[in-house]
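Trainee: Here you go, one structure.
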Amino acid sequence: SRPFTEVALFSVSSYACQRRTTLDNHNSNLTDALSLLAENAELSNEDGRGVAFRRAAALLKALPTQVISMSQLRGLPCLGEHSLRVIKDVLENGVSSEVESTKQSKRYKALKILTGIFGVGAKTADRWIREGIYNLEQLRDSGQTLNRAQKAGLEHYDDLNEPVTKAEADAIGEIVQKAVNSVLPGSEVALTGGFRRGKLTGHDVDFLITHPEEGKEVGLMPKVVAWLESQKTTRNSYLESKDGPARPASNMDRFERCFSIFKLTKRKEQETASHKIWRAVRVDLVVSPISQFAFAVLGWTGSKLFERELRRWAGHEKNMSLSSHALFDNTQNKYLRATSEEEIFAYLGLEYIPPSERNA
Ligand code: 8DG
Ligand code: MN
Ligand code: MN
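Under UniProt numbering, read the sequence shown as residues 125 to 484, first letter to last.
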């Protein structure tokens, strides 16, 4: 045996968009703990704290081996005092006491349950908790007014909290492709989100739709949704949406988009004891003009932290502004055109990172 314990020292960039982060995470014991605290902070409207935990977790996801000692972390970026305390706790005791007490807290449990309803965000959940609503039963009994999306979210709660598989994502992809081609032949559908990064399951399926002829895509979303809704009697159809064509687009993002719920018929072997032959699945549809398509693909592929870090890099290191629509160079005072993700990384002076390595 060796006389000394070998302690590897890592050298890692402080920007997640300069790191290659695959799904092969050697430190899930640590990243699970930090992600839970990040989630709790986000649900409590403490965004700054949430980002700090997310960045710490992302750094650990990028390490090539498992961390077994605090000394291995010396000099690494992105690890604040609070995160280091959590990591130390897990390394020494197997669990973090802060994570355990958060998990058990009445407030965290209620936030998880209530925001698990499609259409319910942290603000609404917080208001309900202050009114004494901690679970679905109490919500149903409370007589709270729910909007259409929330009603559907409550009705399909179990389905929508069941992870979507790649096979289901592919089946949904076929439906979307068929709908889009029926209303506008020649349109193209691209899978984005976690499945494009190689994840085997997801909380939804994300698609980006475009047409090779600029302008043809205008008004496409309402037509796609109408086509899907007209399939009510068929095996697969459309159930509900929020922020969809029925409502004015939010000013957060100028794409036509639709956060929706699909009805997906199960394949024979997926049928369960409940004899339910279909399930509800969350699907995000986004339409982009071809001139913005590369930026949209990059912006909707994620991960969320990878996107945030790309924008931070662009602003702080390059004096540029990156969005899901465009890249603006503040020094040259002009937009930089791109037709591929590779070109965008090149403008940003970054090595190209493929989707499978954006799992920060
Ligand atoms: P999951 O569904 O498997 O859990 O993971 P995911 O696919 O990575 O997460 P997601 O919540 O579906 O988000 C996918 C990408 O979509 C993410 O990188 C960020 C992007 N995205 C939103 N909302 C918005 C938005 O309002 N505007 C823009 N431009 N992008 C958004 O989730
Ligand atoms: Mn997704
Ligand atoms: Mn999504």
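In this text, a Cβ means the ideal position worked out from N, Cα and C, and glycines have one as well.
#1: Can you grab the Cα-Cα spacing for the pair leucine 332 / glutamate 292, in whole Å?
#2: Beta-carbon within less than 7 angstroms of leucine 133's beta-carbon, same chain only, minus the 5 sequence neighbours each way: which residues are those?
#3: Classify alanine 350: buried if its beta carbon has 16 or more other beta carbons within 10 angstroms, exposed otherwise.
#4: Between the C-alpha atoms of leucine 446 and lysine 458, what's the straight-line distance to the nearest angstrom?
#5: If we count Cβ pairs, one from each stretch, closer than 8 angstroms, do we get three or more for the segment 460-467 versus the segment 197-212?
#6: Which residue wins for smallest C-alpha separation from glycine 243, given the options Gly322, Gly218, Ile257, Leu284?
#7: Below 8 angstroms, can you find three or more Cβ-Cβ pairs linking the segment 160-171 to the segment 407-418?
#8: Which residue spans inside the segment 387-437 form an unbroken beta strand (DSSP E) run of at least 3?
#9: Residues in its own chain within less than 6 angstroms of methionine 376 by CB, not counting five upstream and five downstream?
#10: When every heavy atom of ligand 3 is checked, does at least one fall within less than 6 angstroms of the C-beta of glycine 317?
#11: Using only the heavy atoms of ligand 1, determine whether one of them is closer than 6 angstroms to the beta carbon of lysine 428.
#12: According to DSSP, is arginine 482 helix, strand or coil?
#13: Can you have a look at glycine 423 and say buried or exposed, based on whether 16 or more other CB atoms are within 10 angstroms of its CB?
#14: CA-CA distance, serine 152 and glutamate 431?
#15: Could you pull out every residue in the same chain whose Cβ sits closer than 6 angstroms to the Cβ of alanine 182, ignoring the five residues on either side in sequence?
#16: With DSSP collapsed to three states, give me the class of serine 137.
#17: Would you list the residues sitting across from leucine 446 in a DSSP beta bridge?
#18: For ligand 2, I want to know if aspartate 283 counts as a neighbour, meaning its beta carbon is within less than 6 angstroms of at least one of the ligand's heavy atoms.
#19: Excluding five sequence neighbours on each side, which residues of the same chain lie with their C-beta closer than 7 angstroms to the C-beta of asparagine 149?
#20: Mind checking asparagine 164: buried by the 16 CB within 10 Å criterion, or exposed?
#21: Helix, strand or coil for lysine 323 per DSSP?
#22: For ligand 1, is there a heavy atom less than 6 angstroms away from the beta-carbon of tyrosine 294?
#23: Looking at C-beta atoms only, is the number of pairs between the segment 248-257 and the segment 288-303 that lie closer than 8 angstroms three or more?
#24: By how many angstroms is the C-alpha of leucine 460 removed from the C-alpha of alanine 450?
#25: For glutamate 433, is the classification buried or exposed, using 16 other Cβ atoms within 10 angstroms of its Cβ as the cut-off for buried?
#26: Could you round the C-beta distance between residue 486 and histidine 335 to whole angstroms and report it? I think they count as a contact, below 8 angstroms.
#27: Using a Cβ-Cβ cutoff of less than 6 angstroms, which residues in the same chain neighbour asparagine 259 once the five nearest sequence positions on both sides are dropped?
#28: Write down every uninterrupted run of the alpha helix (DSSP H) in the segment 202-277 whose length is 4 residues or greater and which is fully enclosed by it, in chain order.
#29: Select from Asp453, Glu441, Gly172, Thr455 the residue whose C-alpha is nearest the C-alpha of leucine 474.
#30: Can aspartate 148 be considered in contact with ligand 5, in the sense that its beta carbon sits closer than 6 angstroms to one or more heavy atoms?
#31: Please return the same chain residues whose Cβ sits closer than 6 angstroms to the Cβ of isoleucine 257, not counting the five positions on each side in sequence.
#32: Any heavy atom of ligand 1 within a distance shorter than 6 angstroms of the CB on aspartate 328?
#33: Near lysine 230, what residues of its chain come up, given a Cβ to Cβ distance below 7 angstroms and the 5 sequence neighbours on each side ignored?
#34: Closer than 6 angstroms to a non-hydrogen atom of ligand 3 - does that hold for the CB of residue 486?
Mentor: Quick look at the numbers:
#1: CA-to-CA, the gap between leucine 332 and glutamate 292 works out to about 17 angstroms.
#2: Contacts found: Gln196.
#3: Alanine 350 counts as exposed, since fewer than 16 other C-beta atoms from the protein chains shown sit within 10 angstroms of its C-beta.
#4: Approximately 12 angstroms between the Cα atoms of the pair.
#5: Look at the beta carbons and you see the segment 460-467 not touching the segment 197-212: under three pairs across the two are nearer than 8 angstroms.
#6: Sorting Gly322, Gly218, Ile257, Leu284 by C-alpha distance to the C-alpha of glycine 243 places Leu284 at the top.
#7: The segment 160-171 vs the segment 407-418: no contact.
#8: Entirely contained in the segment 387-437, the beta strand (DSSP E) runs reaching 3 residues are, in chain order, 402-411.
#9: Residue placement at methionine 376 cannot be trusted, given a pLDDT of 43 that sits under 50; what the coordinates show is reported in the next sentence. For methionine 376, where only same-chain residues beyond five positions count, there are no Cβ hits under 6 angstroms.
#10: Within the chosen limit of 6 angstroms, ligand 3 reaches the beta carbon of glycine 317 through at least one heavy atom.
#11: Yes, ligand 1 has a heavy atom inside 6 angstroms of this Cβ.
#12: Judged by DSSP in its simplified three-state form, arginine 482 adopts strand.
#13: Counting every other CB atom within 10 Å of its CB across the protein chains shown gives glycine 423 a total of 16 or more, marking it as buried.
#14: The C-alpha of serine 152 lies about 21 angstroms from the C-alpha of glutamate 431.
#15: If we look at alanine 182 and ignore the five residues flanking it on each side, its Cβ neighbours are Ala140, Leu429, Ala484.
#16: Serine 137: coil per DSSP, three-state reduction.
#17: In DSSP, leucine 446 forms a bridge with Leu451.
#18: Answer for aspartate 283: no, Cβ out of range of ligand 2.
#19: Short of 7 angstroms from the beta carbon of asparagine 149, and not among the five residues preceding or following it, lie these beta carbons of its own chain, in chain order: Thr155, Lys185.
#20: Buried: at least 16 other Cβ atoms inside 10 Å.
#21: The three-state reading of DSSP puts lysine 323 in coil, since its state is none of H, G, I, E or B.
#22: Sequence inspection shows aspartate at residue 294; the tyrosine mentioned does not correspond to that position. No - ligand 1 has no heavy atom lying nearer than 6 angstroms to the Cβ of aspartate 294.
#23: By the Cβ test, the segment 248-257 is not in contact with the segment 288-303, since fewer than three Cβ pairs between them sit closer than 8 angstroms.
#24: Here the C-alpha atom of alanine 450 lies approximately 7 angstroms from the C-alpha atom of leucine 460.
#25: Here glutamate 433 is buried: its Cβ has 16 or more other Cβ atoms, across all protein chains shown, within 10 Å.
#26: Residue 486 lies beyond the range of the chain shown here (125 to 484); nothing can be said about it.
#27: Closer than 6 angstroms at Cβ, skipping near neighbours: Ile237.
#28: Here the runs fully enclosed are 205-217, 221-228, 230-239, 246-254, 260-266.
#29: The shortest Cα separation from leucine 474 among Asp453, Glu441, Gly172, Thr455 belongs to Glu441.
#30: Summarising the ligand content, the structure contains ligand 1, ligand 2 and ligand 3 and does not contain ligand 5.
#31: Here isoleucine 257 has Leu263, Ser266 as same chain residues with Cβ atoms under 6 angstroms from its own Cβ, once five neighbours each way along the sequence are excluded.
#32: At least one heavy atom of ligand 1 lies closer than 6 angstroms to the C-beta of aspartate 328.
#33: Contacts found: Tyr258.
#34: Residue numbering for the chain in the displayed model covers 125 to 484; residue 486 lies beyond these limits and cannot be assessed.
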